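Below you'll find the structure, written out as structure tokens, and then a few comments.
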Ligand code: NAD
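In our numbering, the protein residues as written are 12 to 307.
See the structure below:
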């Protein structure tokens, strides 16, 4: 069993750290929030007094932080950079969703110091983090991926080697941009059908069995009460927040600009989610974007 330093115990990181504990690993945890730290300590984690304490002597360091600036600060540019204390034999796994350029920069800086840093963002939301069924998209060398896999297996179900450093973040940006387009398009079609007198449950079933079939229709219908157990049937509470989708679409737009990749559908979806967020819906599940159509 390994000793794992886990930094960032929020909605995602907390349950991920608990799954590592359940698998028998020793977890030295740290978060700026005492409440988040207490939750993991109550499950058997060691509450470290600082990120440096959590990372010192660890075989693996896992981070789950809000954005690139937090990741770069933690490891490299902050007041107490973890690169100064992490062992050369350790593997750093950053599962935060951040821009690929920062992931590649931090990884290169790690390499220069003889350290090993990989990007491994996730899909599957808080439900997947709790259930241990996340999908991991990993940017790493073959050897780094092989070393990370048994640890990622404790927190996820589908572990993909996307490519070299940064590839995990690129895959994540592509996936979430597509997801936003699918949800907006599904909402658009369902709203038009409803405005023309169709029952959304009947229309959903027709499109699901036809060429419009997609993930939103299959498991995440945006119209309330068409499907049980989804955020739309629960006042758009829980699930994946509009704020987070907006953040991810920002990362996708950066990537498109850097790589000169045209993303007209992605930028249209970003405008829709931006408008939806500006109307005070940032805390709702992203399938609530259908309200934009219904309200207009
Ligand atoms: P969150 O805000 O709930 O958790 C972030 C945690 O990081 C907080 O507890 C905060 O106190 C802590 N933190 C920030 N800076 C720190 C530092 N320097 N040292 C220690 N702790 C620090 O966010 P979350 O929902 O858990 O998301 C984490 C990451 O996962 C984000 O990059 C997000 O985009 C990504 N993600 C989230 C979801 C989701 O559904 N919530 C799904 C997939 C990916």
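Where is the CB? At the ideal position from N, CA and C, for every residue including glycine. Please read these numbers as outputs of a predicted model, since none were measured by experiment.
Assignment of beta strand (DSSP E) within the region 70-110, counting only whole runs of 3 or more residues, yields 71-74 and 102-105 in chain order. Residue 146 is a Cβ neighbour of residue 135, given a cutoff of 8 angstroms. Scanning its chain for C-beta atoms nearer than 6 angstroms, with the 5 sequence neighbours on each side dropped, one finds around residue 57 the residues 39, in chain order. A distance below 6 angstroms between beta-carbons, with the five flanking residues on each side excluded, links residue 13 to the following residues of its chain, in chain order: 36, 70 and 71. Residue 50 counts as buried, since no fewer than 16 other beta carbons sit within 10 angstroms of its beta carbon. Not one heavy atom of ligand 1 sits closer than 7 angstroms to the Cβ of residue 189. When secondary structure is reduced to three states using DSSP, residue 234 falls in the coil class, being assigned neither helix nor strand. Inter-residue distance for residue 216 and residue 233 is about 13 angstroms (C-alpha atoms, whole angstroms). For residue 289 and residue 261, the gap between their C-alpha atoms comes out near 15 angstroms. If the five residues before and after residue 198 are omitted, its C-beta is found closer than 7 angstroms to the C-beta atoms of 233, 300, 301 and 304, all from its own chain and listed in chain order. Across the set 83, 170, 271 and 148, the C-alpha of 148 shows the shortest separation from the C-alpha of residue 187. CA-to-CA, the gap between residue 222 and residue 295 works out to about 29 angstroms. Straight through space, the alpha carbons of residue 77 and residue 236 are spaced by roughly 32 angstroms. Unbroken beta strand (DSSP E) runs of no fewer than 3 residues, entirely contained in the region 107-151, are found at 128-130 and 145-150, following chain order. CA-CA distance, residue 258 to residue 164, rounds to 27 angstroms.
Excluding five sequence positions before and after residue 79, the CB atoms of its chain that fall closer than 6 angstroms to its own CB belong to 109, 110 and 113, given in chain order.
In the assembly as shown, residue 42 is a buried residue. Its beta-carbon has 16 or more other beta-carbons within 10 Å. Where residue 171 is concerned, the enclosing beta strand (DSSP E) starts and stops at 167-174. Around the CB of residue 203, fewer than 16 other CB atoms lie within 10 Å, so the residue is classed as exposed. Residue 68: not part of any alpha helix (DSSP H); DSSP gives it neither H nor E. Rounded to the nearest whole angstrom, the C-alpha separation of residue 34 and residue 208 is 52 angstroms.
Annotated as proximal: residue 264 and residue 278, with beta-carbon spacing under 8 angstroms.
With contacts defined as CB atoms closer than 8 angstroms, residue 115 and residue 177 qualify as a contacting pair.
From the listed residues 22, 184 and 190, the smallest Cα separation to residue 268 is found for 184. Separation of the CB atoms of residue 154 and residue 172 is rounded to 11 angstroms, and the pair is thereby denied contact status at 8 angstroms. Taken atom to atom, the span from the alpha-carbon of residue 121 to that of residue 244 is near 46 angstroms. Counting along the chain, the unbroken beta strand (DSSP E) around residue 37 starts and ends at 37-41.
DSSP places residue 284 within a helical segment (H, G or I) once states are collapsed to three.
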